[in-house]
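**Student:** Residue 0 is where the sequence shown starts when you use numbering that gives the first Met the number 0, and the numbers rise one by one after that.
Every residue gets a Cβ at the ideal spot worked out from N, C-alpha and C, and that includes glycine.
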Amino acid sequence: MNMSKFIRLLTTSGVLASTALFASGCKSMIVFDPKGPIGMHQRDLIYFTMLLCLILLVPVLIITAWIVWRFRDKKGNNAPYQPIWSHSTKLEITWWSIPILVILILAIVTVRYTYMLDPAKPITSDKKAITIQATSLDWKWLFQYPDQGIATVNHLVIPEETPIKFELTSDGPMNGFWVPQLGGMIYTMSGMATTMYLQADEPGNYMGTGSNFTGREFAKMGFTTKAVPQAEFDQWVADAKAGGNALSEEGYQALAKPGTSDKMTFASIPSGLFERIVHVYSMSRGAPPGYTQKAQTLSGEKAIEKSEGGQLPPGNNAQKDTPDDFESFGSGHSHHKLDNKHMYHGK
Numbered sequence: 000m001n002m003s004k005f006i007r008l009l010t011t012s013g014v015l016a017s018t019a020l021f022a023s024g025c026k027s028m029i030v031f032d033p034k035g036p037i038g039m040h041q042r043d044l045i046y047f048t049m050l051l052c053l054i055l056l057v058p059v060l061i062i063t064a065w066i067v068w069r070f071r072d073k074k075g076n077n078a079p080y081q082p083i084w085s086h087s088t089k090l091e092i093t094w095w096s097i098p099i100l101v102i103l104i105l106a107i108v109t110v111r112y113t114y115m116l117d118p119a120k121p122i123t124s125d126k127k128a129i130t131i132q133a134t135s136l137d138w139k140w141l142f143q144y145p146d147q148g149i150a151t152v153n154h155l156v157i158p159e160e161t162p163i164k165f166e167l168t169s170d171g172p173m174n175g176f177w178v179p180q181l182g183g184m185i186y187t188m189s190g191m192a193t194t195m196y197l198q199a200d201e202p203g204n205y206m207g208t209g210s211n212f213t214g215r216e217f218a219k220m221g222f223t224t225k226a227v228p229q230a231e232f233d234q235w236v237a238d239a240k241a242g243g244n245a246l247s248e249e250g251y252q253a254l255a256k257p258g259t260s261d262k263m264t265f266a267s268i269p270s271g272l273f274e275r276i277v278h279v280y281s282m283s284r285g286a287p288p289g290y291t292q293k294a295q296t297l298s299g300e301k302a303i304e305k306s307e308g309g310q311l312p313p314g315n316n317a318q319k320d321t322p323d324d325f326e327s328f329g330s331g332h333s334h335h336k337l338d339n340k341h342m343y344h345g346k
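1. Would the region 118–137 count as touching the region 102–110 if we require 3 or more Cβ pairs under 8 Å?
2. List the whole-angstrom C-beta distance separating I29 from P179, where the pair is believed to meet the contact cut-off of C-beta under 8 Å.
3. Here's a check: name, in chain order, each residue in its chain whose Cβ is nearer than 7 Å to the Cβ of W95, leaving out the five neighbours to either side.
4. Do you know whose CA, among P172, T88, N76 and D200, lies nearest P257's CA?
5. Suppose contacts are defined by Cβ-Cβ distances below 9 Å. Is L254 in contact with L136 by that definition?
6. Kindly give me the distance between the Cβ atoms of L167 and A133, rounded to whole angstroms, as I take these residues to be in contact under 8 Å.
7. When you compare the CB positions of G148 and S247, do they come within less than 9 Å of one another, or not?
8. Tell me whether the region 209–219 and the region 61–69 touch, counting them as touching only if at least three CB pairs, one residue from each stretch, are closer than 8 Å.
9. Kindly list the residues whose CB is nearer than 6 Å to the CB of Q229, restricted to its own chain and excluding five residues on each side of it in sequence; keep chain order.
10. Quick check: the Cα distance between M220 and G35, rounded to an integer number of angstroms?
11. Roughly how many whole angstroms lie between the Cα atoms of I83 and N174?
12. With a CB to CB cut of under 6 Å and the five nearest residues on each side skipped, what residues in its chain are close to A78?
13. In whole angstroms, give me the CA-to-CA distance for T223 and N153.
14. Which term fits K126, buried or exposed, when burial requires 16 or more other beta carbons within 10 angstroms of its beta carbon?
15. How would you label M188, buried or exposed, when you count the other beta carbons within 10 angstroms and need 16 or more for buried?
16. Our contact map puts T264 next to T151 with C-beta atoms below 8 Å; I'd like the distance itself, whole angstroms only.
17. Using DSSP with H/G/I as helix, E/B as strand and the rest coil, what is E249?
18. So, helix, strand or coil for H154, using DSSP?
19. From S281 to G271, what does the alpha carbon distance come to, in whole angstroms?
20. How close, in whole Å, do the beta carbons of P145 and Y196 come, if the pair is a contact with beta carbons under 8 Å?
21. Distance check for I276 and D170, CA to CA, integer angstroms please.
22. Threshold first: 4 residues or longer. Then list the alpha helix (DSSP H) segments lying entirely within the region 180–255, N to C.
23. For P47, which beta-bridge partners are listed by DSSP?
24. In three-state terms, what does DSSP make of L53?
25. Just to confirm my understanding: we take K240, look at its own chain, exclude 5 residues before and 5 after, and list those with CB closer than 6 Å. What are they?
26. So the beta strand (DSSP E) A266 belongs to, where does it begin and stop?
27. If the criterion is Cβ atoms closer than 9 Å, does the pair Q41 and G203 meet it?
28. On a Cα-Cα basis, can you pick out the residue from V67, I54 and M184 that is closest to I99?
29. Look at the Cβ atom of T213, then the Cβ atom of W140, and state whether they are nearer than 9 Å.
30. Excluding the 5 residues preceding and the 5 following F142 in the sequence, name in chain order all residues of the same chain whose CB lies nearer than 6 Å to its CB.
What follows is the structure in structure tokens.
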């Protein structure tokens, strides 16, 4: 076997082996096993981008290997030796035109997918979207279903083939909401409410997580997303309303304190709780006309005072914990396990 055939065989074997290795790992790489339309579009974009990059990378690797072999230091090697060679118009055109073409294609695809995969863009469907208000806490997730009047902690239940409108915020450090098999990640930030649409096309249990480091118990900020048929979802809502406990304002204040929590379900929630969570931080950055705010760092508490002629919205007189330094904000928090009896009052 001559050397050129050997190189072709070696290259082909390497490509096939790499492809097989990559394909065998896709089952454990859940991003490449999407279960919703947004996740599928994002996976296709990753594949397309990888293919374009391989168009540049594979020839470079092959040519590099060929050059090393062809011009190796060996007695009797008849490779041409041109010590004063410095330019080739054909080669210059080749190795500049191909990368430029790839960049142009990537630019067009990027613009197209940027608008197509806008997180706040509603998913086209004949079914009405369900709203879920997600709040990242230290170190747990609160999910409110305002239309159903219920809430959960650290677990989601959604109907299959139905768009889900997530409204996201944080009552603590910035985090990231991510269900890899359904779509991309969106940050949750205090004082802001961002929107994200996702959908699960088939029943199943999908891993969700907080993707931004927030301190000592960050690793425990995972949650489950269970997609079920519509009838099963309706029954779950009815069971939650009938057999659960009500989340009170006092219960939420206990829930918002740093600490881990088990999965919980609440039969009712305070009206406007999500809006108040967002608004209390908005007030601290810039109060609307008729208000002034006075921040006091006394035992880590913030007080918002009303000026003349203004009234605070209901619930905004609740004091919020504000850290004095980074340590108290993250890994230095006093840790506690939530006791359910402090979360709610009985129905």
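**Tutor:** Looking at the atomic coordinates:
1. Touching, no.
2. Confirmed, Cβ separation roughly 5 Å.
3. None.
4. For the residues P172, T88, N76 and D200, the minimum Cα distance to P257 belongs to P172.
5. Cβ distance < 9 Å, so L254 and L136 count as in contact.
6. Rounded, the Cβ-Cβ distance is 5 Å, consistent with contact.
7. Between G148 and S247, the CB-CB gap reaches or exceeds 9 Å.
8. Contact fails: fewer than three Cβ-Cβ distances are below 8 Å.
9. Only P158 meet the Cβ criterion.
10. The straight-line gap from Cα to Cα measures roughly 23 Å.
11. Taking the CA atoms as reference points, I83 sits about 58 Å from N174.
12. The residues are R69 and F70.
13. C-alpha separation (whole angstroms): 7 Å.
14. K126 comes out exposed.
15. Its Cβ being crowded by 16 or more others within 10 Å, M188 is buried.
16. Yes, they are in contact, since the Cβ atoms of T264 and T151 sit about 5 Å apart, within 8 Å.
17. Note: E249 maps to helix in three-state DSSP.
18. Correct three-state label for H154: strand.
19. The straight-line gap from Cα to Cα measures roughly 15 Å.
20. At roughly 16 Å, the Cβ-Cβ gap does not stay under 8 Å, so P145 and Y196 are not in contact.
21. If I take the Cα positions, the gap works out to 7 Å.
22. Runs of the alpha helix (DSSP H) lying entirely within the region 180–255 and spanning at least 4 residues, in chain order: 229–242 and 248–254.
23. The displayed chain sequence assigns Phe, not Pro, to residue 47. Bridge partners of F47: none, in fact.
24. L53 falls in the helix class under three-state DSSP.
25. Answer for K240: A266, listed in chain order.
26. Taken as a continuous stretch (DSSP letters only), the beta strand (DSSP E) holding A266 covers M263 to S267.
27. Against a cut-off of 9 Å, the Cβ pair of G203 and Q41 comes out as no contact.
28. Looking at the Cα atoms, I54 is the closest of the given residues.
29. T213 places its beta carbon 9 Å or farther from that of W140.
30. Excluding sequence positions up to five before and after F142, its CB lies within less than 6 Å of the CB of I131, A133, T151 and L155, all in the same chain and listed in chain order.
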